[in-house]
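Numbering (my numbering), first residue to last: 660 to 834.
Dropping the structure here:
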């Protein structure tokens, strides 16, 4: 009886060990650390990725991208892009979205209404420009007077307190 039990166990072990299975060896994906080590030059965040990240967020379905700039800044390496957009719900074109890591930080500026009528909008010839250290420039137009006002909007993030800050400065008016 012991001999049959022993032979049965050996036979089962042999059959299991010789089963016609395909063994696959999984490769570990290259981590972002390894990718950075492989190429010393920092890779740019693709423009299509910036727009896709913006459009994926459920809160931005009623917004229309009007301009954007991809950011490559060693001072703020997690800042990937800045997007200017029109808010169809609020009827406001003076909005920016800063794509920082996996989050989108939104700011509306120069939003003044008189009796429900907007008084400012992004100027027709305005170009969103990244000037460094988290700052972008753009121009708005006062609708009644056609006065052009240049704005500098600076984004910063305090890691120790997990706080996002914006500084909005109206620069000298241009004609």
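Ideal Cβ positions, reconstructed from N, Cα and C, are used throughout, including at glycine. What you are looking at is a predicted structure, and each value in this text was computed from that prediction instead of being measured.
Item: Can you tell me where the beta strand (DSSP E) holding residue 817 begins and where it ends?; Value: 807–817
Item: Is the beta carbon of residue 744 sitting closer than 8 Å to the one on residue 724?; Value: yes
Item: Taking the alpha-carbon of residue 816 as reference, which of 762, 806, 746, 801 has the nearest alpha-carbon?; Value: 762
Item: Tell me the DSSP secondary structure of residue 765 in three-state form.; Value: strand
Item: Quick one: using the 10 Å Cβ neighbour count with 16 as the cut-off for buried, is residue 748 buried or exposed?; Value: exposed
Item: Which first and last residues belong to the beta strand (DSSP E) in which residue 725 is found?; Value: 722–729
Item: Just the Cα atoms here: how many angstroms apart are residue 738 and residue 783?; Value: 26 Å
Item: Assign residue 795 to buried or exposed, taking buried as 16 or more other Cβ atoms, counted over all protein chains shown, within 10 Å of its Cβ.; Value: buried
Item: Nearest-angstrom Cα distance between residue 809 and residue 741?; Value: 17 Å
Item: Taking the CB atoms as reference points, tell me whether residue 707 and residue 746 lie closer together than 8 Å.; Value: no
Item: How many Å lie between residue 766 and residue 726 at the Cα?; Value: 15 Å
Item: To the nearest angstrom, how far is it from the Cα of residue 806 to the Cα of residue 828?; Value: 16 Å
Item: Under the rule that 16 or more other beta-carbon atoms within 10 Å means buried, what is residue 711, buried or exposed?; Value: exposed
Item: Given 7 Å as the limit, tell me if residue 795 has its C-beta closer than that to any heavy atom belonging to the ligand FAD.; Value: In terms of ligand content, the structure shown is empty, and the ligand FAD therefore cannot be addressed.
Item: Quick one, which of 803, 830, 801, 786 has its alpha-carbon nearest residue 755's?; Value: 786
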